[in-house]
Amino acid sequence: MAREPTQQLTRWLNELARITDEPGKLTRTFLSPAMRRANARVGEWMRAAGLAVREDSVGNLIGRLEGSRPGAKTLLLGSHLDTVRDAGRFDGALGVLLPLVALDMLRQQGRILPYAVEVLGFSEEEGVRFSSAYLGSKGFTGTLRAADLKLRDADGIQVRDTLETLNGETFTLPRAAHRRSDLLGYLEVHIEQGPVLEAQDLAVSVVSAIAGQSRGRLTFYGQAGHAGTTPMGLRRDALAGAAAFISTVEGIARTRPPLVATVGTLAVSPGAPNVIPGEVTLSLDVRHPRDRARRAALSRMLGLAEWIARRRGLRCTWELTQDGNAVACDPKLTRVLAETVRKLQGRCPALVSGAGHDAVVMSALTPVAMLFVRCRAGRSHHPDEYAAPEDLRVALRATLTFLERFAG
Ligand code: HGY
Ligand code: MN
Ligand code: MN
């Protein structure tokens, strides 16, 4: 790597952002053609940095660098390589490429860490294709379940089918890639995806906890019919019912901060301007730092869905596709990281993450810590997502110092 490290990181981020399933926007979903190309390209960069590269049976990309001390434990760093639709170029990719640049810097200084390091590019964190997040890190930690394999995408393809196509053989649920006793911990570098660091004029910070989240699909069933001849009083309009529900969800979330609830997708059938919608499926994403509050809000919303359906002569069904509790980051690992950050920028507040991260799943296998990087206007899951080079430089230095601290 000839360039100044932050320039190299920016170049890699920009190049990776051009590997997409949707020309003109950045979209890479679980095991899609673009994801296969992304793994191949990042794998080349890993090899050039001296890492041994492999892919596991759920499509995670794993780069490994042995330490100078034989049999030493392994420190894991990483994040996800999949994206939402029309995504920004930092979410996920930063957490894979920044550690790679850091390791390449050490390599160029002739520095070999005493412990082993693995850089992980998870194959699926966003949950876009199968409405259930973390399939990649669940595979890596041995927490993928048979129920996950039955999830279907919009074309009715099951997770199991997709994995058997990838592996060219019958898929068996993988065990954890490592034993807990073999690991030193997991560090994920990620843009904040929120406005706090910008408001506090800080480049980076650490994360104290990651909010729990429930996701699922709610379907309202009514009666399709002629838009011109069916009197309003005789209709069972599934979309009108869904609309009443959506504004109710927003109302509940607004009155119970820091609860957040989002209807992100809506599928209307039969979907013609002159036909009363007979069936509507919407996605629901509910999050809160406290699990009891999240569950209470979700059950209130589902109760209201039933009530709205009854009043309108509709039927409704709910399919829970993901339900994860809030996770605390490891205090010891986070303290080491926070001390490193304080030396660089004076202050280091600990933020709660409203966004989910692979660290949630990795915490089942090993202690986790997260380094947040300021992003402009807190904007994310959007092409305007941006982290300034000077903030990337601070994050790189914090990561390098963290690696050295571990060497000590
Ligand atoms: O949706 C999220 O919380 C994250 O970006 N996967
Ligand atoms: Mn995301
Ligand atoms: Mn992410």
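Be aware that the sequence shown starts at 34, since it is given in our numbering, and climbs by one per residue.
Even glycine gets a Cβ: it sits at the ideal position worked out from N, Cα and C.
Nothing here was measured: the structure is a model prediction, and the numbers come from that model.
Distance cut-off 8 Å: residue i Cβ against heavy atoms of ligand 5
{"i": "H211", "result": "In the structure shown, ligand 5 is absent; the only ligands present are ligand 1, ligand 2 and ligand 3."}
Assigned exposure category for residue i - 16 Cβ within 10 Å defines buried
{"i": "G311", "result": "buried"}
{"i": "M395", "result": "buried"}
{"i": "D365", "result": "The sequence as given places Lys at residue 365; Asp does not occur at that position. Flag for K365 reads exposed."}
{"i": "G441", "result": "exposed"}
{"i": "R438", "result": "exposed"}
{"i": "P306", "result": "exposed"}
{"i": "N47", "result": "exposed"}
{"i": "E37", "result": "exposed"}
{"i": "K183", "result": "exposed"}
{"i": "G143", "result": "exposed"}
{"i": "M68", "result": "buried"}
{"i": "H259", "result": "exposed"}
{"i": "G104", "result": "exposed"}
{"i": "K58", "result": "exposed"}
{"i": "Q226", "result": "buried"}
{"i": "G304", "result": "exposed"}
{"i": "E352", "result": "exposed"}
{"i": "P291", "result": "exposed"}
{"i": "E158", "result": "buried"}
{"i": "D181", "result": "buried"}
{"i": "D525", "result": "The structure shown has nothing for residue 525, since the chain only spans 34 to 441."}
{"i": "E339", "result": "exposed"}
{"i": "G125", "result": "buried"}
{"i": "G284", "result": "exposed"}
{"i": "L267", "result": "exposed"}
Beta-carbon proximity of residue i to residue j, cut-off 9 Å
{"i": "L110", "j": "G83", "result": "no"}
{"i": "S112", "j": "E221", "result": "yes"}
{"i": "T174", "j": "A397", "result": "yes"}
{"i": "Q246", "j": "Q355", "result": "yes"}
{"i": "P416", "j": "Q40", "result": "no"}
{"i": "L377", "j": "L251", "result": "no"}
{"i": "D188", "j": "F163", "result": "no"}
{"i": "H414", "j": "V229", "result": "no"}
{"i": "V406", "j": "A428", "result": "yes"}
{"i": "S156", "j": "N93", "result": "yes"}
{"i": "A242", "j": "C362", "result": "yes"}
{"i": "R97", "j": "A81", "result": "no"}
{"i": "G154", "j": "A50", "result": "no"}
{"i": "V161", "j": "L136", "result": "no"}
{"i": "P207", "j": "V91", "result": "yes"}
{"i": "S214", "j": "P147", "result": "no"}
{"i": "G484", "j": "D115", "result": "The question about residue 484 has no answer here: the residues shown for the chain are numbered 34 through 441."}
{"i": "L317", "j": "R248", "result": "yes"}
{"i": "V282", "j": "V296", "result": "yes"}
{"i": "L130", "j": "L42", "result": "yes"}
{"i": "Y167", "j": "G379", "result": "no"}
{"i": "K106", "j": "L216", "result": "yes"}
{"i": "L315", "j": "L337", "result": "no"}
Cβ shell of residue i (< 7 Å), same chain only, five flanking positions each side left out
{"i": "A244", "result": "R320, H321, P322, A359, V385, S386 and G387"}
{"i": "A209", "result": "T174, G175 and L398"}
{"i": "G76", "result": "V86 and L94"}
{"i": "E99", "result": "A149"}
{"i": "A120", "result": "L59, T60 and H414"}
{"i": "L199", "result": "L64 and G92"}
{"i": "L347", "result": "F253, Y254, G255, R269, A271 and G274"}
{"i": "A286", "result": "L292, V293 and A294"}
Simplified DSSP state of residue i, which is helix, strand or coil
{"i": "E202", "result": "coil"}
{"i": "I190", "result": "coil"}
{"i": "D363", "result": "coil"}
{"i": "I224", "result": "strand"}
{"i": "Q355", "result": "strand"}
{"i": "D124", "result": "coil"}
{"i": "I145", "result": "coil"}
{"i": "R268", "result": "coil"}
{"i": "Q233", "result": "coil"}
{"i": "V401", "result": "strand"}
{"i": "A383", "result": "strand"}
{"i": "L299", "result": "strand"}
{"i": "F163", "result": "coil"}
{"i": "F253", "result": "strand"}
{"i": "V91", "result": "coil"}
{"i": "S261", "result": "According to the sequence as given, residue 261 is Gly; it is not Ser. Three-state result, G261: coil."}
Sequence-distant residues of its chain with Cβ nearer than 6 Å to residue i (five each side left out)
{"i": "V313", "result": "F253, A271, L272, A275 and V301"}
{"i": "A392", "result": "E221, V401 and M403"}
{"i": "Y219", "result": "L109, M395, T399 and V401"}
{"i": "T367", "result": "V239 and A402"}
{"i": "L196", "result": "F204"}
{"i": "R375", "result": "C381"}
Close-in-space but distant-in-sequence residues of the same chain around residue i (CB under 8 Å, 5 per side omitted)
{"i": "R74", "result": "E48, L49 and I52"}
Could you name the residues whose beta carbon sits closer than 5 Å to any heavy atom belonging to ligand 3, keeping them in chain order?
D124 and G125
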